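Enquirer: For the protein sequence lines, the chains are A and B, in the order given. If you're matching positions, the first sequence starts at 9 in the working numbering and goes up one per residue. If you're matching positions, the second sequence starts at 1261 in the working numbering and goes up one per residue. Could you have a look at this structure, given as C-alpha cells, before my questions?
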Amino acid sequence: DGGITQSPKYLFRKEGQNVTLSCEQNLNHDAMYWYRQDPGQGLRLIYYSQIVNDFQKGDIAEGYSVSREKKESFPLTVTSAQKNPTAFYLCASTGVEGRNQPQHFGDGTRLSIL
Amino acid sequence: GQQLNQSPQSMFIQEGEDVSMNCTSSSIFNTWLWYKQDPGEGPVLLIALYKAGELTSNGRLTAQFGITRKDSFLNISASIPSDVGIYFCAGQLVASNTGKLIFGQGTTLQVKP
Chain A
9 DGGITQSPKY
19 LFRKEGQNVT
29 LSCEQNLNHD
39 AMYWYRQDPG
49 QGLRLIYYSQ
59 IVNDFQKGDI
69 AEGYSVSREK
79 KESFPLTVTS
89 AQKNPTAFYL
99 CASTGVEGRN
109 QPQHFGDGTR
119 LSIL
Chain B
1261 GQQLNQSPQS
1271 MFIQEGEDVS
1281 MNCTSSSIFN
1291 TWLWYKQDPG
1301 EGPVLLIALY
1311 KAGELTSNGR
1321 LTAQFGITRK
1331 DSFLNISASI
1341 PSDVGIYFCA
1351 GQLVASNTGK
1361 LIFGQGTTLQ
1371 VKP
C-alpha cells in the first residue's frame, strides 16, 4: 500500500541528546513537511522540502535540522538546542510541488523527555 | 506564523445531532482542506475544496469554500460515536507556491451515545 511511514511511534530523549525521527513515503511525492503538534494547538510547520537536496525553514525551525538526500525520505533531527522537545511530530507529503494538492500525513512520533 | 480562527474549540453533542464548525481568516485562500485526527494518529483528509463557493459532500460530511475565499465551514449530519476526534481546517494562501498550509487550532468533538 502507498503511504507515509513514520518511525518510531514513541521516542524518549535524554538531556543533551540529539534524536532523529524517520519519515518515508512511497507515494512519489515531491514535497515533504514536518509539523509539531502540542495539546490544544494546531499544527506548526518546522521544515519543508519541495525537492531533493533542498529544504526551507518553517515557523519554528530553531533546535531542529533536516536532510533530503532521497525523494522518499525526509528525516528530522531534534537537537539538544531544542529545550522543549516534548510533542507529537507529524510528517506529511504532497505531489506536484504542493500546488493545490492536499497533504497526506503519517501516523506521527511522540517524543518525550526522560 | 499565521493561524486560522477555528470555532468552536470543542463540542459535546448527543448522537444523532448535526454538527457545524467553521474557519475564518483575514487572508485569501485558494484551497481549503478539512482533516480529522483520532488520538495518537495522524490527520486524515476528509474534504478538499478548490473554488470559491464550492460545496462538497463526503457521506454525512459537507464542506463549503466561502465566497469571499476567507472562510470555510464543515457540517456533519446525524452524528455517530465514531465521529469523535479533532477536526482541523487548513488553507493554502493564494500567494503561496510552496504547498505550505496554515492550520486552525482544531475542534474537539465528543459524541454521547
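A virtual CB, placed ideally from N, CA and C, is assigned to each residue, including glycine. This one's a predicted model, so the numbers in the text were calculated from it and none came from an experiment.
Does any C-beta atom of chain B lie closer than 7 Å to the C-beta of residue 46 (chain A)?
Expert: Counting from one through the first sequence, the residue named residue 46 (chain A) turns up at place 38. So no, residue 46 (chain A) is outside the interface.
Enquirer: Considering only residues of the same chain and omitting the five flanking positions on each side of residue 1310 (chain B), which have a CB-CB separation below 7 Å?
Expert: Along the second sequence, read from residue 1 onward, the residue named residue 1310 (chain B) stands at position 50. Once the five neighbours on either side are set aside, the close Cβ partners of residue 1310 (chain B) are 1291.
Enquirer: Give me the Cα-Cα distance between residue 21 (chain A) and residue 1312 (chain B), rounded to the nearest whole angstrom.
Expert: Stepping through the first sequence from its first residue, residue 21 (chain A) is reached at position 13. Stepping through the second sequence from its first residue, residue 1312 (chain B) is reached at position 52. If you take the alpha carbons of residue 21 (chain A) and residue 1312 (chain B), they lie about 45 Å apart.
Enquirer: Would you mind stating whether residue 1367 (chain B) and residue 1268 (chain B) have Cβ atoms separated by less than 7 Å?
Expert: Translated into the one-based positions of the second sequence, residue 1367 (chain B) becomes position 107. Translated into the one-based positions of the second sequence, residue 1268 (chain B) becomes position 8. Against a cut-off of 7 Å, the Cβ pair of residue 1268 (chain B) and residue 1367 (chain B) comes out as a contact.
Enquirer: Under 7 Å between the Cβ atoms of residue 1264 (chain B) and residue 110 (chain A)?
Expert: For the purposes of this step, residue 1264 (chain B) is identified with residue 4 of the second sequence, where counting begins at 1. For the purposes of this step, residue 110 (chain A) is identified with residue 102 of the first sequence, where counting begins at 1. Not a contact, by the Cβ cut-off of 7 Å.
Enquirer: Expressed to the nearest angstrom, what Euclidean distance is found between the alpha-carbon atoms of residue 1324 (chain B) and residue 36 (chain A)?
Expert: Here residue 1324 (chain B) refers to the residue found at position 64 of the second sequence. Here residue 36 (chain A) refers to the residue found at position 28 of the first sequence. In a straight line, the C-alpha of residue 1324 (chain B) is about 30 Å away from that of residue 36 (chain A).
Enquirer: With a threshold of 16 other CB atoms inside 10 Å of the CB of residue 122 (chain A), please say whether the residue is buried or exposed.
Expert: On the first sequence, position 114 is the one that residue 122 (chain A) refers to. Residue 122 (chain A) is exposed by the Cβ-count criterion.
Enquirer: Sort B:1338, B:1344, B:1329 and B:1301 by Cα distance to residue 1350 (chain B) and report the nearest one.
Expert: Along the second sequence, read from residue 1 onward, the residue named residue 1350 (chain B) stands at position 90. For the residues B:1338, B:1344, B:1329 and B:1301, the minimum Cα distance to residue 1350 (chain B) belongs to B:1329.
Enquirer: Looking only at C-alpha atoms, which of A:80, A:50, A:43 and A:48 sits nearest to residue 66 (chain A)?
Expert: The residue you call residue 66 (chain A) lines up with position 58 of the first sequence. Closest option to residue 66 (chain A), Cα to Cα, is A:43.
Enquirer: Let me know if residue 86 (chain A) comes out buried or exposed under the rule of 16 or more other beta-carbons within 10 Å of its beta-carbon.
Expert: On the first sequence, position 78 is the one that residue 86 (chain A) refers to. Per the 10 Å Cβ criterion, buried.
Enquirer: Any C-beta of chain A sitting closer than 7 Å to the C-beta of residue 1303 (chain B)?
Expert: Position 43 of the second sequence, counting from 1, holds the residue named residue 1303 (chain B). By this cut-off, residue 1303 (chain B) is an interface position.
Enquirer: Starting from the N-terminal side, write out each stretch of the beta strand (DSSP E) that is 3 residues or longer and does not extend beyond the region 1305-1364 of chain B.
Expert: Within the region 1305-1364 of chain B, the complete beta strand (DSSP E) runs of at least 3 residues are 1315-1318, 1321-1325, 1331-1336 and 1345-1353.
Enquirer: Could you tell me which residues DSSP pairs with residue 57 (chain A) in its beta bridges?
Expert: Your numbering for residue 57 (chain A) matches position 49 in the first sequence. Per DSSP, A:40.
Enquirer: Who pairs with residue 14 (chain A) in a beta bridge, going by DSSP?
Expert: In the first sequence, residue 14 (chain A) corresponds to position 6, counting from 1. According to DSSP, which records beta bridges pairwise, residue 14 (chain A) is partnered with A:31.
Enquirer: Quick check: is the beta carbon of residue 84 (chain A) nearer than 7 Å to any beta carbon in chain B?
Expert: Position 76 of the first sequence, counted from the start, is the residue given in the question as residue 84 (chain A). For residue 84 (chain A), the answer is no, since every Cβ of chain B falls outside 7 Å of its Cβ.
Enquirer: Beta-carbon within less than 6 Å of residue 41 (chain A)'s beta-carbon, same chain only, minus the 5 sequence neighbours each way: which residues are those?
Expert: Taking the first sequence and counting its residues from 1, one reaches residue 41 (chain A) at position 33. Taken in chain order, the residues that qualify are 56 and 100.
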